[in-house]
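If you're matching positions, the sequence shown starts at 725 in this note's numbering and goes up one per residue. Even for Gly, the Cβ is constructed at its ideal location relative to N, Cα and C. As the structure is a prediction and not an experimental result, all values here were calculated from the model.
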Amino acid sequence: MKRLLIALVAVLLLMLSLLVACSSGDGENPSSVPESTTVTESVPDVVVTIGNITDITGLASNAMSPINKGLDDIVRHYNDQNLIPGVTLKVIHYDGQYDPAKDIPGYHWLKEQGVDFLFTTVGSAVGTLKPLLEKDGMVMFTVSPSKKDVDPGGPIFAPGSPFHEDLAYSLLYYLPEIDPYFPQDRPAKIGGAMWAEAAGISTLAGAEVYATTHPEQYEWVGTHLPYMTFIWGPEVEALKDCDYVIPPALLNQFVKEYRDAEYTAKLVGTHSHDAFIGLLAKANLWDQADGTIFLRASELWDQDTLTVNLMKELLQKYRTPSEAEEIRRSGSGYLTGYNFHIMLELIADAVELAGPEGFGAEAIYEAAESFTLEIDGIEREAFSDTRRISINYLVPYELRAAEKDEFRVGTEWYPLIHMPDD
């Protein structure tokens, strides 16, 4: 159609010039000379596609749903505001149903759809797909990294999320400072029960290492890793005499069984746990979970900060009031927008370096070499040519049953403490 229009314009200009020439007399001195017309066509944006390996209908779908919506909304925001000039972002979700057997089929399916890089919250997918990522030159971003899966300078990036081992190690490091009721005259008894999958194994490993190497502070009661169970009787009994217990990420059933047995340990966890806080709300287990301490990588809804305010804005802009309220009450999942913000800022830097047409894994690696992100006056994140875990600081939260919500403990930022290598 554009070519036809240009041709018609050219014909009309030619006819006009002939008419003007005829009106001048003998045609030797035309009264005007037609100027050439240049039509510039706009260059269409390059589509950069994110493949999201997630859970839409499986065991973790309650927690993944607001995360997926947060990804959709922040991508829409970047497109609407043209925050990556020359690029239109697109998301394709793959429902792996939290089934490790579907990680590889999901990867191949997303590749067939033409994705440019991957994102996942599914811990098993990170380790399973690592050899394929290296072979195919594909980059993956994750918020569920484990030390064994993320290599210096490798294709797996964790924006805004520490290793599970480091997060749990830091939790025990700071717990005596965060909790005013931490035992002062003896080591605190602590243990944990989580599923035998990547996040659970790594989380309890980090906690156990800290506890067993600091016997003056802790007595490690036990690591319990059953496979995908919803019945926690044996684990409840094994942890009955603890001062602190690290519960499963899907914590509602464990909390109910533990409190029904009249055991009193304080629950402690990480952002892997409070992503499922909506399950506590649905089961009305606020009182049973009162006082639970979570050590997180980013702030929650109670804070007036850059990324929290952005996600609040997007929630109101792109979701209906009823849907926004449901997402807000489901927990912290939608606020994974913090991690998406870091990821997309790195992508923006990569596009600026290589241009939209040159964007790819190598551009991401190059952009990462000097990437830092200052938020609210603090350098919260930094990648490098070898560093693939960007986070620098953590923040503690406490669940309060009376308000049916979580609230930040103090105003201090806690530096991430790394678990020593073997």
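Asked	Found
Length at least 3, wholly inside the region 948–987: the beta strand (DSSP E) runs in chain order	968–970
CA-to-CA distance, P939 to L857, given in whole angstroms	41 angstroms
Inter-residue spacing [alpha-carbon to alpha-carbon] between F1095 and L1070	7 angstroms
CB-CB length for L896 against A931, believed under 8 angstroms	6 angstroms
Candidates S848, A1085, I798, I774, of which the one nearest Q837 by Cα	I774
Chain B contact for Y968 (CB, 8 angstroms cutoff)	Annotation note: the requested chain B is absent from the structure, which comprises a single protein chain.
CB of T812 within 8 angstroms of CB of N792, strictly	no
CA-to-CA distance, K964 to M864, given in whole angstroms	40 angstroms
Boundaries of the alpha helix (DSSP H) in which Y1042 is found, first to last residue	1030–1042
Among E961, G915, G1015, G1002, the one whose alpha carbon lies nearest that of P971	G915
Own chain residues within Cβ distance below 6 angstroms of E1136, not counting five before or after	none
Where I774 sits in the DSSP three-state scheme	strand
Sub-8 angstroms separation of A923 and G946 beta-carbons	no
Pair within 8 angstroms by beta-carbon distance, P869 and A849	no
Per DSSP, cross-strand counterpart(s) of P1139	Y1117
CB contact flag (I1017, E1122, <8 angstroms)	yes
Contact under 8 angstroms by Cβ, I808 with A1072	yes
Cβ pair V1075, G861 closer than 8 angstroms	no
Inter-residue CB distance, A1034 and G1061 (contact presumed, cutoff 8 angstroms)	Correcting the residue type first, residue 1034 is Leu in the shown sequence and not Ala. Indeed they touch by this definition, with Cβ atoms about 7 angstroms apart.
Cα-Cα separation between R1020 and A1087, rounded to whole angstroms	30 angstroms
Beta-carbon spacing of G1002, S1054 below 8 angstroms	yes
Proximal residues to S1031 (C-beta, below 8 angstroms), its chain only, five neighbours per side dropped	It is worth fixing the name first, because residue 1031 is Thr in this sequence and not Ser. Hits under 8 angstroms: S1022, E1023, L1059, G1061, Y1062, H1065, I1099.
Three-state secondary structure assigned by DSSP to D860	helix
For V992, three-class secondary structure by DSSP	strand
C-alpha distance - A1085 paired with W944, whole-angstrom precision	43 angstroms
Inter-residue CB distance, P904 and Q941 (contact presumed, cutoff 8 angstroms)	In fact, because the Cβ distance is near 15 angstroms, the residues do not count as touching under 8 angstroms.
Cut-off 6 angstroms between Cβ atoms - residues of its own chain near Y951, not counting five sequence neighbours on either side	A920
Unbroken beta strand (DSSP E) run spanning D890, endpoints	D890 -> not in any beta strand (DSSP E); alpha helix (DSSP H) instead, spanning 888–902.
Boundaries (first-last residue) of the alpha helix (DSSP H) holding A1072	1061–1078
Collapsed DSSP secondary structure at D804 in the structure displayed	helix
At least three beta-carbon pairs within less than 8 angstroms, the region 1123–1143 to the region 994–1013	yes
Limits of the unbroken beta strand (DSSP E) element including R1104	1102–1106
Alpha-carbon to alpha-carbon, M1067 and L795	11 angstroms
Cα-Cα separation, K814 to P958	46 angstroms
Candidates K990, P1139, I955: closest to V969 by CA position	K990
Cβ-based burial, D766 [other Cβ within 10 Å; buried from 16]	The residue asked about is misnamed: residue 766 is Ser in this sequence, not Asp. Exposed: under 16 other Cβ atoms inside 10 Å.
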